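First to last, the sequence lines map onto chains A and B. Using this note's numbering, you'd call the opening residue of the first sequence number 157 and step up by one each time. Using this note's numbering, you'd call the opening residue of the second sequence number 645 and step up by one each time. Quick notes on the structure that follows.
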Amino acid sequence: MRTTDNNGREFDNTADDPRQRAELVTGGLGFADVTEVVSNVAERPRPPLAWYVALAISVSLLGVLGAMILYLFSTGVGVWNLNNPVCWGFDITNFVFWVGIGHAGTLISAILFLFRQKWRTGINRMAEAMTIFAVICALLFPGIHVGRVWLAYWMGPLPNQMAMWPQFRSPLLWDVFAVGTYFTVSLMFWYVGMIPDLATLRDRARGKIQQVAYGLLALGWTGSSRNWHRFEIAYLLLAALSTPLVLSVHSVVSFDFAVSQLPGWHTTIFPPYFVAGAIFGGFAMVVTLAVPSRALFGLKNVITLRHLENMNKIILVTGSMVGYAYAMEFFIAWYSGNLYERFTFMSRALGPFAWAYWTMIGCNVVAPQLFWFKFFRTHIWAMLLPVMCVNVGMWFERFVIIVTSLSADFLPSSWGGYYPSWVELLTLAGSFGLFMTLFLLFIRFLPSIAMAEIKTVMPQAEGKGPRGFDYNPDEYESPGRVLATGGSH
Amino acid sequence: MQHVIDISSDRLRLEEGRWQPLARRLQTAGLGAIVVALAIGAFGLESLLRAYVMNLCYYVSIALGALFFVLLQHLTRAGWSVVVRRLAELFTTAFPLLALLAAPAVLLILTGGLLGFPAAVHQVYPWTDAQYVAKEPLLQAKAPYLNAGFFAVRLAVYFAAWVGLSAWLLSRSLEQDRTGDPAITRGLGKWSAPAMYLFALTLTFFAFDVIMSLAPSWYSTIFGVYYFAGAMLSFCALLALTVHLLQRAGYMVRAVSVEHMHDVGKLVFAFVVFWSYIAFSQYMLIWYGNIPEETAWYAVRQTGGWIALSLLLLFGHFMLPFLMLISRAPKRRLQVLAGLACYVLVIHWLDIYYLVMPPYYFKLSDPGTAPFDLLGLLLAGLLAVGMGALLAGYVLRRMAMHPLIPERDPRLTESLAFTNI
Chain A
157 MRTTDNNGRE
167 FDNTADDPRQ
177 RAELVTGGLG
187 FADVTEVVSN
197 VAERPRPPLA
207 WYVALAISVS
217 LLGVLGAMIL
227 YLFSTGVGVW
237 NLNNPVCWGF
247 DITNFVFWVG
257 IGHAGTLISA
267 ILFLFRQKWR
277 TGINRMAEAM
287 TIFAVICALL
297 FPGIHVGRVW
307 LAYWMGPLPN
317 QMAMWPQFRS
327 PLLWDVFAVG
337 TYFTVSLMFW
347 YVGMIPDLAT
357 LRDRARGKIQ
367 QVAYGLLALG
377 WTGSSRNWHR
387 FEIAYLLLAA
397 LSTPLVLSVH
407 SVVSFDFAVS
417 QLPGWHTTIF
427 PPYFVAGAIF
437 GGFAMVVTLA
447 VPSRALFGLK
457 NVITLRHLEN
467 MNKIILVTGS
477 MVGYAYAMEF
487 FIAWYSGNLY
497 ERFTFMSRAL
507 GPFAWAYWTM
517 IGCNVVAPQL
527 FWFKFFRTHI
537 WAMLLPVMCV
547 NVGMWFERFV
557 IIVTSLSADF
567 LPSSWGGYYP
577 SWVELLTLAG
587 SFGLFMTLFL
597 LFIRFLPSIA
607 MAEIKTVMPQ
617 AEGKGPRGFD
627 YNPDEYESPG
637 RVLATGGSH
Chain B
645 MQHVIDISSD
655 RLRLEEGRWQ
665 PLARRLQTAG
675 LGAIVVALAI
685 GAFGLESLLR
695 AYVMNLCYYV
705 SIALGALFFV
715 LLQHLTRAGW
725 SVVVRRLAEL
735 FTTAFPLLAL
745 LAAPAVLLIL
755 TGGLLGFPAA
765 VHQVYPWTDA
775 QYVAKEPLLQ
785 AKAPYLNAGF
795 FAVRLAVYFA
805 AWVGLSAWLL
815 SRSLEQDRTG
825 DPAITRGLGK
835 WSAPAMYLFA
845 LTLTFFAFDV
855 IMSLAPSWYS
865 TIFGVYYFAG
875 AMLSFCALLA
885 LTVHLLQRAG
895 YMVRAVSVEH
905 MHDVGKLVFA
915 FVVFWSYIAF
925 SQYMLIWYGN
935 IPEETAWYAV
945 RQTGGWIALS
955 LLLLFGHFML
965 PFLMLISRAP
975 KRRLQVLAGL
985 ACYVLVIHWL
995 DIYYLVMPPY
1005 YFKLSDPGTA
1015 PFDLLGLLLA
1025 GLLAVGMGAL
1035 LAGYVLRRMA
1045 MHPLIPERDP
1055 RLTESLAFTN
1065 I
């Protein structure tokens, strides 16, 4: 399979000619080739060495996470450095960070679907999977931070003999519902979308185990028109249902802070600002995972440079929205004339946590500006720089919001500092282990690209294209299509 | 692309001879209504000033929605919207007249009021009243921003940006009508990105300066987004309505199909929901936080006759249009969609009314009740008609000068062949 053009470079389909749409699958692939390329990831006898190395590291970190949680449960939350006034630290920072990461998947699958963004098909499956795993990581933290974890079920509205009921006026409870709903619907969306591709893997499977496993998961999919008809209705409805969820989840997370009266927490822009930030961080994580995945598993023709460039543009857009929100917060803090508001923001920029604040600004506002340049949007190593910055910066954003506001509120006598304990640091590292383990298993054993969907956006789907019928080469000449003439196998 | 629609038989230009007289009549009627409003307004200068400011903000919001729409289509390289984009470009030609209409407000604030206006100006924009500011430490703290000179400079900058940006977008698009050069599309796409920054900042600070500063002790970081949501909503509604009226008059009948209008209808629906989301976020957080400086603004709107307006917005700006627009049918029946568009334009007008008209009370010890101002409603209605007719006539003249669609846009065929799945 060719993944480079005649000059030995990766196919560049990022050229921008308004007279025609760029192709989203490069290398002159036809329908059967797409199935081959994608199924190969799950069917090849053994994955590349790098996959084993990554899995070994991830599973080790997962073990660390397990050990840290065990230590926490057996000893108590005192093993974390939380105290008055900073009673939320790494735990809730990690929670918000992971929930945020879990936004890109559903945005891509639902909102970009409604916006008819065809390029979403190359990355939606991977992004949705990432969403599920990120939300699993997120759900972990509120669960373990409650202290007496054996009473965590109190968060649910379960009838009990004490007639005790959750506090419905608390945004912390809304979180349980919002994130729970989001997880359920995202999981359904991901799974429903995967059914046709699971059936493909089932039909191609050579071993008995694979046949049974994929067969069970494929729910008897036959590929009949009736199947497809119902599938498409279900998909559209799930997209419509997921769209408000993309906005609601992080809005509710922002309410955890914004309903309070604490300067730096109580501000009305929080809901849309958190949503923009979540998409920002989520896309950065998708790029982070897509870049090695496409290289390791030979997916460069389906996750093309154009897909990466588009995602980088979204990172620039949402990063700018986040920058706008920072600016509004700062301006209104001054404009309010309120002493405490003004102090909080000056203290963020110049106080004891200034290093965290400027890390956040540098990573979230300054670094994405590199994406104004096409070079950074379309060169792998160049794009990883801002993308990695965003991964770091979005963690720090939550840290800055949570810790600076708690550490210095209205009364100087109740101020206090915070630094994490080794348990907190290792728990954070461990959560990456959980996330990566799940992701590595997914990419190896499930259809990591939405094969069926990607075929609908190829020119062949409209009766045109390099290997479809009715192909007219003149009609398809574009800077990115040198390859069409050059045979693909 | 499935098939290409033949538009050679379509009428895509308004004949100047036919439409100029209507434009003139509209402008005359508009001026007449404004004169009547000014005459009646002599009995209540504060009401008159508020009515004028609110209508200014209303019409500016629609033009801003149009400007954003054009920028967004270029930025996202949209294909479907090419056939309706020119209408949006033409709407933005209203900016020079809007700048002219905004000039009296700036002058009044700069001069501290003319012809007995000082009291009214001080009541409407309390931060212009030096004596009042001297008593209010909070206002002194923000005096470096809220002062007449800087206010005038900022407004001049906003309008200059909007006039310049919209003139540039239209002229490039018209240039493409002549040359058909695809490089123009690429250039517009490229420069729309930084233009968005300019748009976002000017819109936000316009909303802060002209609307939020009516209650100078009040603040809300989401306020710019709130104004933006209404702007986009009302623009999409006006677009649907305009297409309907033009098609009834026999124009662009083939070029713009029910598929395009379905999408415009979806945008109206989306921005109904977005506005509600933003309005809810602002209200809920302020209500829950219960900090007097913030709740005072809502307290005024929940006393006297204003509570009725608050509830009307809750039901009429969210629930009703949400239910009306959620299904597919109304978005694909042009007459129904046009009717809903009229409704949305009225309800958005009431939203701006709700932002601007209620009086400002800062004394929390004595909030009193704010009686609903009937004279203000009359004046606002008159000015809405007057300024609206004036602007409609002005824009209609410009519409009659240019083709109604970008005739040689490289994505025109894609747009013509567009269908919803």
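Idealized CB from N, CA, C, for every residue including glycine. Since this is a predicted model, take the numbers as computed values, not measurements.
Self-check item: Under 9 Å from the C-beta of Glu-485/A: neighbouring residues of chain B
Solution: For the purposes of this step, residue 485/A is identified with residue 329 of the first sequence, where counting begins at 1. Those are Thr-865, listed as they occur along chain B.
Quiz item: When burial is assigned at 16 or more other CB atoms within 10 Å of the CB, is Lys-779/B buried or exposed?
Solution: Position 135 of the second sequence holds residue 779/B. Flag for Lys-779/B reads exposed.
Quiz item: Going along chain A in order, which residues have a C-beta closer than 8 Å to the C-beta of Thr-829/B?
Solution: Your numbering for residue 829/B matches position 185 in the second sequence. What Thr-829/B touches in chain A: Pro-174.
Quiz item: Helix or strand or just coil, what does DSSP make of Arg-202/A?
Solution: The sequence position of residue 202/A within the first sequence is 46, counting from 1. DSSP places Arg-202/A in coil when its eight states are reduced to three.
Quiz item: Just by C-beta distance, which residues in the stretch 713-737 of chain B are closer than 9 Å to chain A?
Solution: Leu-719, Thr-720, Arg-721, Gly-723, Trp-724
Quiz prompt | Residues near Val-556/A in its chain [Cβ-Cβ closer than 7 Å; skip 5 each side] | solution = In the first sequence, the residue the question calls residue 556/A occupies position 400. Within the same chain, Val-556/A has close Cβ partners Arg-504, Phe-509, Ala-512, Tyr-513, Met-516.
Practice problem: May I ask you to verify whether the stretch 871-887 of chain B touches the stretch 385-401 of chain A, counting CB pairs closer than 8 Å and requiring at least 3? | Solution: no
Quiz item: Which residue comes first and which comes last in the alpha helix (DSSP H) that contains Leu-373/A?
Solution: Along the first sequence, one-based indexing puts residue 373/A at 217. Counting along the chain, the alpha helix (DSSP H) containing Leu-373/A begins and ends at 364-373.
Quiz item: Between Pro-740/B and chain A, is there a C-beta pair that is closer than 8 Å?
Solution: Against the second sequence, residue 740/B aligns to sequence position 96. Not closer than 8 Å to any Cβ of chain A, the Cβ of Pro-740/B fails to qualify, so no.
Self-check item: Cutoff 8 Å: Thr-123/A Cβ touching any chain B Cβ
Solution: The first residue shown for chain A is 157 and the last is 645, placing residue 123/A beyond what the model contains.
Practice problem: Might you give, ordered along the chain, the residues of its own chain that have their beta carbon closer than 7 Å to the beta carbon of Pro-740/B, omitting 5 neighbours on each side? | Solution: Along the second sequence, one-based indexing puts residue 740/B at 96. The residues are Val-807.
Self-check item: Separation of Gly-245/A from Gly-222/A, as counted between CA atoms
Solution: Walking along the first sequence from the start, residue 222/A turns up at place 66. Walking along the first sequence from the start, residue 245/A turns up at place 89. Distance between the alpha carbons of Gly-222/A and Gly-245/A is about 20 Å.
Self-check item: When Val-727/B, Phe-1016/B, Leu-847/B are compared against Gln-946/B, the one with the closest alpha-carbon
Solution: In the second sequence, residue 946/B corresponds to position 302, counting from 1. Taking only the C-alpha atoms, the option nearest Gln-946/B is Phe-1016/B.
Practice problem: Indicate the three-state DSSP secondary structure (helix, strand or coil) for Arg-892/B in the structure shown. | Solution: Taking the second sequence and counting its residues from 1, one reaches residue 892/B at position 248. Arg-892/B falls in the helix class under three-state DSSP.
Quiz item: Apart from the five residues on each side of it in sequence, which residues of its chain come closer than 8 Å, Cβ to Cβ, to Ser-563/A?
Solution: Residue mapping note: residue 563/A aligns to position 407 of the first sequence, counting from 1. Pro-241, Val-242, Pro-508, Phe-509, Trp-571, Gly-572, Gly-573, Tyr-574.
Self-check item: CB contact flag (Ala-396/A, Trp-346/A, <8 Å)
Solution: Counting from one through the first sequence, the residue named residue 396/A turns up at place 240. Counting from one through the first sequence, the residue named residue 346/A turns up at place 190. Going by C-beta atoms, Ala-396/A is not nearer than 8 Å to Trp-346/A.
Quiz item: Would you say Ala-746/B and Phe-795/B are within 8 Å of each other, going by their C-beta atoms?
Solution: One-based indexing of the second sequence puts residue 746/B at position 102. One-based indexing of the second sequence puts residue 795/B at position 151. Cβ distance not < 8 Å, so Ala-746/B and Phe-795/B don't count as in contact.
Quiz item: For chain A, is any of its Cβ atoms less than 8 Å away from the one on Gln-926/B?
Solution: In the second sequence, residue 926/B corresponds to position 282, counting from 1. Yes, contact with chain A.
Practice problem: Quick one: residues in its chain with C-beta nearer than 8 Å to the C-beta of Arg-898/B, no 5 flanking neighbours on either side, listed in chain order? | Solution: Counting from 1 along the second sequence, the entry for residue 898/B is found at position 254. Only Ile-649, Asp-650, Ile-651, Ser-653, Asp-654 meet the Cβ criterion.
Quiz item: By a C-beta neighbour count over all protein chains shown, 10 Å radius and 16 as the cutoff for buried, is Phe-959/B buried or exposed?
Solution: Residue numbering aside, residue 959/B sits at position 315 when the second sequence is read from its first letter. Phe-959/B is exposed by the Cβ-count criterion.
Quiz item: Are the Cβ atoms of Tyr-870/B and Ser-492/A separated by less than 8 Å?
Solution: The sequence position of residue 870/B within the second sequence is 226, counting from 1. The sequence position of residue 492/A within the first sequence is 336, counting from 1. Cβ atoms of Tyr-870/B and Ser-492/A: not closer than 8 Å.
Quiz item: For the candidate residues Trp-330/A, Ala-361/A, Arg-304/A, whose alpha-carbon lies nearest to that of Glu-192/A?
Solution: One-based indexing of the first sequence puts residue 192/A at position 36. Comparing Cα positions, the closest option is Ala-361/A.
Practice problem: Starting from the C-beta of Val-415/A, find all residues in its chain whose C-beta is less than 6 Å away, skip the five residues before and the five after it, and write them out in chain order. | Solution: The sequence position of residue 415/A within the first sequence is 259, counting from 1. Here the set comprises Pro-327.
Quiz prompt | Cutoff 8 Å; reference Pro-635/A; Cβ partners in own chain excluding five residues on either side | solution = In the first sequence, counting from the first residue as 1, residue 635/A sits at position 479. For Pro-635/A, the pLDDT reaches just 36, beneath the cut-off of 50, and the residue's location in the model is therefore unreliable, although a value from the coordinates is still provided. Cβ neighbours of Pro-635/A beyond the five flanking positions: Asp-168, Ala-171, Asp-173.
Practice problem: Helix, strand or coil for Arg-730/B, going by three-state DSSP, please let me know. | Solution: Counting from 1 along the second sequence, the entry for residue 730/B is found at position 86. The answer is helix: DSSP assigns Arg-730/B an H, G or I state.
Quiz item: Straight-line CA distance for Asp-626/A to Gly-186/A?
Solution: As a first step, residue 626/A must be located in the first sequence, where it is residue number 470. As a first step, residue 186/A must be located in the first sequence, where it is residue number 30. Per-residue confidence for Asp-626/A stands at a pLDDT of 43, beneath the threshold of 50, marking its modelled position as unreliable; the derived number appears in the next sentence. In a straight line, the C-alpha of Asp-626/A is about 14 Å away from that of Gly-186/A.
Practice problem: Look up Arg-1055/B in the DSSP assignment and say whether it is helix, strand or coil. | Solution: Here residue 1055/B is taken as the residue at index 411 of the second sequence, counted from 1. Residue state, collapsed to three classes: coil.
Self-check item: Within the stretch 922-993 of chain B, ranges of the alpha helix (DSSP H) (whole runs, at least 4 residues)
Solution: 936-945, 950-957, 964-969, 972-976
Self-check item: Reference Tyr-703/B; option with closest CA among Tyr-987/B, Leu-742/B, Ser-725/B, Ile-678/B
Solution: Position 59 of the second sequence, counted from the start, is the residue given in the question as residue 703/B. Of the candidates Tyr-987/B, Leu-742/B, Ser-725/B, Ile-678/B, the one whose C-alpha sits nearest the C-alpha of Tyr-703/B is Leu-742/B.
Practice problem: Identify the continuous alpha helix (DSSP H) that holds Ile-855/B and give its terminal residues. | Solution: The count along the second sequence starts at 1 and reaches residue 855/B at position 211. Segment: none, Ile-855/B is in no alpha helix (DSSP H) and carries neither H nor E.
Quiz item: Since Leu-752/B contacts Ser-857/B with CB under 8 Å, what's their CB separation in whole angstroms?
Solution: Here residue 752/B corresponds to residue number 108 of the second sequence, with the count starting at 1. Here residue 857/B corresponds to residue number 213 of the second sequence, with the count starting at 1. Contact flag wrong, Cβ pair sits at about 14 Å.
Quiz item: Around the C-beta of Ser-604/A, are 16 or more other C-beta atoms found within 10 angstroms, so that it is buried, or is it exposed?
Solution: Residue numbering aside, residue 604/A sits at position 448 when the first sequence is read from its first letter. Buried.
Self-check item: Proximal residues to Leu-375/A (C-beta, below 7 Å), its chain only, five neighbours per side dropped
Solution: Working through the first sequence from its first residue, we reach residue 375/A at position 219. Excluding sequence neighbours, Leu-375/A sits near Ile-351.
Self-check item: CA-to-CA distance, Leu-403/A to Pro-428/A, given in whole angstroms
Solution: The count along the first sequence starts at 1 and reaches residue 428/A at position 272. The count along the first sequence starts at 1 and reaches residue 403/A at position 247. Using only the alpha carbons, I get a separation of about 8 Å.
Quiz prompt | First through last residue of the alpha helix (DSSP H) which encompasses Asp-359/A | solution = Taking the first residue of the first sequence as position 1, residue 359/A is located at position 203. First-last of the alpha helix (DSSP H) with Asp-359/A: 327-360.
Quiz item: Taking C-alpha atoms, which residue in Leu-877/B, Ile-922/B, Val-902/B lies nearest to Phe-913/B?
Solution: Taking the second sequence and counting its residues from 1, one reaches residue 913/B at position 269. Of the candidates Leu-877/B, Ile-922/B, Val-902/B, the one whose C-alpha sits nearest the C-alpha of Phe-913/B is Leu-877/B.
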